[in-house]
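K.L.:
I have a structure here, written as structure tokens, and I will follow up with some questions on it.
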Amino acid sequence: MRPNREAPRIEIMSGNNSILQLENVHTYYGNIHALKGITLSIPRSGIACLIGANGAGKSTTLLTIFGVQPAAKGTILFDGQPIQKLRPEQVAARGVAQTPEGRQIFPRMTALENLEMGAFLRSDKAEISKDREWVFTLFPILKQRSTQLGGTLSGGEQQMLAMGRALMSRPRLLLLDEPSLGLAPKLVNTIFEAVRTINKSGTTIFLVEQNAHMALRNSNIGYVMETGRIVLEDDAKALLQSEQVKKAYLGE
Amino acid sequence: MSKSDVKKFFVYTLFLGILILPMVGFPNTTFHAARAFGVWGVFVAIMAIGLLSKGVRGTGGYGKFASGLSSLYRPVSTRVKAIPRTYSLGMLSLAVLIYPLVADRYMIDVGITCLIYVVLGLGLNIVVGLAGLLDLGYIAFYAVGAYSYSLLNLHFGLSFWAALPIGVGLGAILGCIIGYPTLKMRGDYLAIVTMGFGEIIRLVLNNWDKLTHGPNGLLGMHKPALYYPSFGNGGLSWGIFELKSLPALYYLIFVLAVLTIIAVNRLDKSRIGRAWVAIREDEVAAELSGVPTTWLKLLAYAMGAAFASVGGAFFAAKLSYTNPNFFIFMESCIVLCIVVLGGVGSIPGVILAGVVLIAVPEVFRELQAYRMLAFGLAMAVMMVLRPEGLIPASRRKRELHAAEQGGAED
Amino acid sequence: MDTQSFLIQQLINAVFLGSIYALIALGYTMVYGIIELINFAHGELFTSGAFIGIIVLALLQKFGFVESHFIITMVLAFGLAMAYVAVLGVAIEQVAYKPLRNASRLAAILSALGMSIFLSNGMMLSQGVSDRAYPPLLTFKGLSIFDARITYGQIFIILLSIALMTALYVFVKGSKLGKAMRATAQNRTMARMCGINIDKTIRLTFMIGPALGAAAGVMVGLYYGSVRFDMGFIYMIKAFAAAILGGIGSIPGAMLGGLIIGGVEVIWSAFLPSEWKDVTTFIVLILVLYLKPSGILGEDVAETRV
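Take a look at the structure:
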């Protein structure tokens, strides 16, 4: 069972139900206009997903939220506070964590050290240990691999390690970029099971996925993205039923 | 000029003090306060000027000043730009041609040195500017040209003109030899390897006493000479006019420089030049588009080496003396400095930088000692503030500033 | 000298030389590992350390401090030299490298070259063109192993090097900041997303790496008796060869590489004319870069950098 959360670091604006709000966000890669005015809102303690084809801009959205690819225009509010001008390390300090595309494990650090890096901003040793044990219950294989170098783990293990690392900061918002990419179906199920468990313990989840079916099944609300714009937003169950989504993304 | 800028100023001043005072103040065991605080003062003054100008810029004072200046400057510059290119080039060439007639011996010598460095700079420009290969051992080819002329002239009596093609050939071959291992290397490693080769050449020249007389160098080569047919008694023969005087040598190097400029310009605009630029920008893409990167890279080295050889042969012939210490790593750095400060890939830039960087320290003789200090600082500062150089090649400016936009870090 | 003693002597010399090269190589490899920049100014950082060492020692000697308090003298000489060069390293990073972090490779290398030229000429102008002599503090007294000799001075330097390298290793492997440095070197963007302030981490690297080089500088000054403004160049080349040979970016690699380069140099000097010694170093460097640029303990040089 997940240990009790510590009190939030920032005053939550009362009455505001969304933990993350993007308003008309534009991002450029050099001259390429990748995000063309994204507006979305993630409800507190829910699971939201962003689906769309390759190259639609899903990963860019997550990178922009984190400040790795800063937004050129628009606002991003986390818990009511604007974060669009913050550097990635500052965004992390606010309580956001990410499992990025390609997992981005520190290859020559052990699994244990990778998890330690997730808790870099924290100094409460006892609580960090508790969180680490919780990660091991979520992903038992990581405990076995704890002294192995990150680069030697299999794809699925790296994905679990990346998620575990993100959890080590006790984030209030967890961003997941393509968690199922390249994984066998059984592992995908494990991952999404973990996602649900993490969410139940109070962390809001925003995930980006190419596997639309898996994503929508496990989310409360869904956004559909096409070439830099949000084209559909709705309750996830409703999107699963929608003809449009079925044809384009669910292969039916 | 915010509070944090002022705070930064004081912090930097303090750290500069920590760095400067011990090193400058203690050349022996007594503290030379005047020297140490003087140098510190100079740096503090520079930073203060920077701080003040930032403040002025903030209040818009600069803006007014700049627009005032430009209203004076613009009519002049439009006039200047309106002058047809050939006309201004012609005037410039005329000025260069008349120069030896109005300058004293010392200044003509400076002019000759400038022109040699212009040739070197243009040659390196092919390798670094066009093909994008960071060659830190370029001076080795200069040495090859100098030593091949010296040895051929001293041992076989070959004239300057006969030895020149051989020197160029040797240089080109050496270029290919040095270039070959670097073909697959990344930029930084390429730099180290070329630097290594440059040093190896110098060390070999220095230690192979039997061939090169080691650190004593080679002495007594003939100056270049012009041959003209003369009808003396008994029919046709060749008269020799040795170019011994400084003005004569000046005109020779001027001709060589002009030929170099024309050749490099032609290369720049040719298909080969464009292929080099393609390799510089994205080698993988170039390969996939069918560009023969291997032999083009070798060609770049070879051509750069060829021009350096010419310069080297002239240098040895002019002095009638050569010595391994003329070809130290610092010289490679100077030539690189010229290319970089002038504007990588830019022909007029390299020419301007070559003249300025060589002539200015000569004119201000008292500041000679600070020459290399200024070079080093200028290189670092240029890269930070204006990487495209004094007269940028239009391609380069776009390229360098695009790179700045793409990054996400502060 | 019989073969056994001869070999032992070569081994002693190799370990001695190798540990100095290893210290310099470590500074190189740490900087390259974290920002992929060949710090051409590293040789000058080494030399500055040697100069600060002599400045401190000369002052202490003037006040008669040296003979009576050897240990404190050494602590002051090494400590102040390392502290000074740590500051200098950060200064260079802030002025010449940080602004170019996202710029082209060419710009960064040229800036480094520029700094190298600036610093070596700065030292020439402030400290003079000729050698500056170190006081002969390391005696020639020592131990004999069969017919081979190892001086107390050599023992001191080897032990100090080992101590510094061990401290570095422990710091990088065990401490939070050390791990942050490794993380930043392996995947900078991900490190930022974990909350690591990479500006601070890089600054720290530029304090530790150059400080190690400075220690090596004082050692060289003490052992060979003099320091010159341009002595850094050849040491930089050797250190670079050592770092590449061991695997650039790898700390154990730099240590191993240093020993190997030291060994190669000692063996060469024992059998072949010494004027060609430096040529060997360059040839070794070029061969390594050509045949196995990833080095012995290194990984694929195309790092995972987002």
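Chains as they are written, first to last, in the numbering used here: chain A, 45 to 296; chain B, 15 to 424; chain C, -1 to 304. All C-beta atoms, glycine included, are put in the ideal place defined by N, C-alpha and C. Computed from a prediction, not measured in an experiment: that's the story for all the values here.
Assuming the contact rule is C-beta atoms closer than 8 Å, V132 (chain B) and G368 (chain B) should be a hit. Round their C-beta distance to whole Å, please.
P.N.:
Here residue 132 (chain B) refers to the residue found at position 118 of the second sequence. Here residue 368 (chain B) refers to the residue found at position 354 of the second sequence. With 8 Å as the limit, V132 (chain B) and G368 (chain B) qualify as a contact, their Cβ atoms being about 4 Å apart.
K.L.:
Using a Cβ-based criterion (distance less than 7 Å to any ligand heavy atom), does G261 (chain C) qualify as near the ligand NAP?
P.N.:
In the structure on display, the ligand NAP does not appear, and there are no ligands present to speak of.
K.L.:
For the stretch 224 to 255 of chain C, which residues have a CB atom closer than 7 Å to at least one CB atom of chain A, in sequence order?
P.N.:
Cβ contacts with chain A: none found.
K.L.:
Name, please, each residue of chain B whose Cβ falls closer than 9 Å to the Cβ of P133 (chain C).
P.N.:
Along the third sequence, one-based indexing puts residue 133 (chain C) at 135. Those within 9 Å of P133 (chain C) in chain B number zero; the least Cβ separation is about 11 Å.
K.L.:
At a Cβ threshold of 8 Å, is I281 (chain C) touching chain B?
P.N.:
The count along the third sequence starts at 1 and reaches residue 281 (chain C) at position 283. Yes - at least one Cβ of chain B is within 8 Å of the one on I281 (chain C).
K.L.:
Please list, in chain order, all residues of the same chain as Q2 (chain C) whose beta carbon is under 7 Å from its beta carbon, the five residues on each side excluded.
P.N.:
What you label residue 2 (chain C) is simply residue 4 of the third sequence in a count that begins at 1. Here the set comprises F144.
K.L.:
For C93 (chain A), name the three-state secondary structure that DSSP assigns.
P.N.:
Along the first sequence, read from residue 1 onward, the residue named residue 93 (chain A) stands at position 49. Residue state, collapsed to three classes: strand.
K.L.:
List the DSSP bridge partners of E253 (chain A).
P.N.:
By 1-based counting over the first sequence, the position of residue 253 (chain A) is 209. Bridge partners of E253 (chain A): A:I95.
K.L.:
Going along the chain, which residues of its own chain have a beta-carbon closer than 8 Å to the beta-carbon of L283 (chain C), five neighbours each way excluded?
P.N.:
In the third sequence, the residue the question calls residue 283 (chain C) occupies position 285. These residues qualify, in order along the chain: I235, F238, A239, I242.
K.L.:
Would A136 (chain A) count as contacting chain C if we go by Cβ distances under 8 Å?
P.N.:
As a first step, residue 136 (chain A) must be located in the first sequence, where it is residue number 92. Chain C, which has a Cβ nearer than 8 Å to the Cβ of A136 (chain A), makes this yes.
K.L.:
Taking only beta-carbon atoms, is G38 (chain A) less than 8 Å away from chain C?
P.N.:
Only positions 45 to 296 of chain A appear in this structure, which leaves residue 38 (chain A) out of reach.
K.L.:
Tell me the residue span of the alpha helix (DSSP H) that contains K291 (chain A).
P.N.:
In the first sequence, the residue the question calls residue 291 (chain A) occupies position 247. Looking at the DSSP string, the run of the alpha helix (DSSP H) that includes K291 (chain A) is 287 to 293.
K.L.:
Could you check whether I235 (chain A) and A92 (chain A) sit closer than 8 Å to each other, using their CB atoms as the reference points?
P.N.:
For this step, residue 92 (chain A) is matched to residue 48 along the first sequence. For this step, residue 235 (chain A) is matched to residue 191 along the first sequence. No, they are not a contact pair.
K.L.:
Using three-state DSSP, classify Y72 (chain A) as helix, strand or coil.
P.N.:
On the first sequence, position 28 is the one that residue 72 (chain A) refers to. It is a strand residue.
K.L.:
Does chain B have any CB closer than 8 Å to the CB of E273 (chain C)?
P.N.:
Here the question's residue 273 (chain C) lines up with position 275 in the third sequence. Closer than 8 Å: yes.
K.L.:
Do you know offhand how far Y101 (chain B)'s Cα is from G207 (chain C)'s?
P.N.:
Position 87 of the second sequence, counted from the first residue, corresponds to residue 101 (chain B). Position 209 of the third sequence, counted from the first residue, corresponds to residue 207 (chain C). About 56 Å.
K.L.:
Quick check on F340 (chain B): does DSSP put it in helix, strand or coil?
P.N.:
Counting from 1 along the second sequence, the entry for residue 340 (chain B) is found at position 326. Residue state, collapsed to three classes: helix.
K.L.:
Secondary structure at G137 (chain B), three-state DSSP: helix, strand or coil?
P.N.:
Here residue 137 (chain B) refers to the residue found at position 123 of the second sequence. Helix, per DSSP.
K.L.:
In the structure shown, what three-state DSSP assignment does Q142 (chain A) receive?
P.N.:
Counting from 1 along the first sequence, the entry for residue 142 (chain A) is found at position 98. Looking at Q142 (chain A) - three-state DSSP - the assignment turns out to be strand.
K.L.:
Please decide whether M28 (chain C) counts as near chain A, where near means a Cβ-Cβ distance under 8 Å.
P.N.:
Counted from its first residue, the third sequence places residue 28 (chain C) at position 30. No, M28 (chain C) does not count as interfacial toward chain A.
K.L.:
Residues of chain B with CB closer than 8 Å to the CB of Q125 (chain C), please, in chain order.
P.N.:
By one-based count along the third sequence, residue 125 (chain C) stands at place 127. Within chain B, the residues near Q125 (chain C) are M37, P41.
K.L.:
What would DSSP say about D278 (chain A), mapped onto helix, strand or coil?
P.N.:
Residue mapping note: residue 278 (chain A) aligns to position 234 of the first sequence, counting from 1. Looking at D278 (chain A) - three-state DSSP - the assignment turns out to be strand.
K.L.:
Which residue from A:M269, A:D278, A:Q285, A:A280 puts its Cα closest to that of L79 (chain A)?
P.N.:
Here residue 79 (chain A) corresponds to residue number 35 of the first sequence, with the count starting at 1. Closest by alpha carbon: A:M269.
K.L.:
Nearest by alpha-carbon distance to H70 (chain A): which of A:L107, A:I95, A:H257 is it?
P.N.:
As a position in the first sequence, residue 70 (chain A) is number 26, starting the count at 1. Nearest C-alpha to H70 (chain A): A:L107.
K.L.:
Thinking C-alpha only, which one of C:Y233, C:V93, C:I148 is nearest I18 (chain C)?
P.N.:
Position 20 of the third sequence, counted from the first residue, corresponds to residue 18 (chain C). Of C:Y233, C:V93, C:I148, the residue nearest in Cα terms is C:Y233.
K.L.:
Pick helix, strand or coil for H67 (chain C), following the three-state DSSP scheme.
P.N.:
Here residue 67 (chain C) corresponds to residue number 69 of the third sequence, with the count starting at 1. Reduced to three states, the DSSP call for H67 (chain C) is coil.
K.L.:
Does the separation of the CB atoms of A327 (chain B) and A160 (chain B) fall below 8 Å?
P.N.:
One-based indexing of the second sequence puts residue 327 (chain B) at position 313. One-based indexing of the second sequence puts residue 160 (chain B) at position 146. Against a cut-off of 8 Å, the Cβ pair of A160 (chain B) and A327 (chain B) comes out as a contact.
K.L.:
Cβ closer than 9 Å: which chain C residues qualify as neighbours of D202 (chain B)?
P.N.:
The sequence position of residue 202 (chain B) within the second sequence is 188, counting from 1. Neighbours of D202 (chain B) on chain C, chain order: Y30, E34, L35, I36, R103, A106, I107.
K.L.:
Given that N337 (chain B) touches chain C, what residues does it touch there, using C-beta distances under 7 Å?
P.N.:
If you number the second sequence from 1, residue 337 (chain B) lands on position 323. In chain order: nothing, as chain C lies at least about 16 Å away.
K.L.:
What does the alpha-carbon distance come out to for the pair L371 (chain B) and Q382 (chain B)?
P.N.:
In the second sequence, residue 371 (chain B) corresponds to position 357, counting from 1. In the second sequence, residue 382 (chain B) corresponds to position 368, counting from 1. Near 12 Å, if we compare the C-alpha coordinates of Q382 (chain B) and L371 (chain B).
K.L.:
Taking the alpha carbon of G272 (chain A) as the point to measure from, which residue in A:G81, A:N75, A:G74 has its own alpha carbon closest?
P.N.:
Stepping through the first sequence from its first residue, residue 272 (chain A) is reached at position 228. When each option's Cα is compared against that of G272 (chain A), the closest is A:G81.
K.L.:
Pick helix, strand or coil for I153 (chain B), following the three-state DSSP scheme.
P.N.:
Here the question's residue 153 (chain B) lines up with position 139 in the second sequence. DSSP places I153 (chain B) in helix when its eight states are reduced to three.
K.L.:
Judging by CA-CA distance, which residue of C:M121, C:D0, C:I156, C:T45 is the nearest neighbour of N11 (chain C)?
P.N.:
Here residue 11 (chain C) refers to the residue found at position 13 of the third sequence. Residue C:I156 is the option with its Cα nearest to N11 (chain C).
K.L.:
Interface residues of chain B around V85 (chain C) at Cβ under 9 Å?
P.N.:
Start at 1 with the first residue of the third sequence, and residue 85 (chain C) comes out as number 87. Neighbours of V85 (chain C) on chain B, chain order: F29, I32, L33.
K.L.:
To the nearest angstrom, how far is it from the Cα of S114 (chain C) to the Cα of T181 (chain A)?
P.N.:
Stepping through the third sequence from its first residue, residue 114 (chain C) is reached at position 116. Stepping through the first sequence from its first residue, residue 181 (chain A) is reached at position 137. One C-alpha to the other measures close to 54 Å.
K.L.:
Quick check: what's the CA-CA separation for L219 (chain B) versus A154 (chain B)?
P.N.:
Locating residue 219 (chain B) in the second sequence gives position 205, where the first residue counts as 1. Locating residue 154 (chain B) in the second sequence gives position 140, where the first residue counts as 1. Answer to the nearest angstrom: the Cα atoms are 10 Å apart.
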